[in-house]
Amino acid sequence: MLYVLVGILALAAGVALGFFIARRYMMTYLKKNPPINEQMLKMMMMQMGMKPSQKKINQMMSAMNKQQSK
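Its first residue numbered 4, the sequence shown is counted upward by one per residue in the numbering used here.
Printed below as a string of structure tokens:
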């Protein structure tokens, strides 16, 4: 009976620890490698028929970074 309880507690601790380690890894990975960069944003705007100015790209990037940091 004691072995089963220890096994269940070890499993629960392992799952919780694994979750937090994976979450931390993904957050640092996304900070280092953002999913959208300025070039990709510029190409998307051009495909939508907009003429992207550097000011508009900077505004959109800062808005996306602010949203991501929340």
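Glycine included, each C-beta is placed from N, C-alpha and C at the ideal position.
Predicted, not measured: the structure shown is a model, and the values here were computed from it.
Test item: CB-CB of residue i and residue j under 8 Å
{"i": "E41", "j": "I60", "result": "yes"}
{"i": "L44", "j": "M64", "result": "yes"}
{"i": "M48", "j": "P37", "result": "no"}
Residue closest to residue i, alpha-carbon to alpha-carbon, out of the options
{"i": "M67", "options": "M48, Q50, I39", "result": "I39"}
{"i": "Q71", "options": "M53, G21, L8, T31", "result": "T31"}
Heavy atom of the ligand FAD within 7 Å of residue i beta-carbon
{"i": "S65", "result": "In the structure on display, the ligand FAD does not appear, and there are no ligands present to speak of."}
**Message:** If we require 4 or more residues per run, which alpha helix (DSSP H) segments fall completely within the stretch 22-55?
**Reply:** The alpha helix (DSSP H) runs lying completely inside the stretch 22-55 and spanning 4 residues or more are 41-50, given in chain order.
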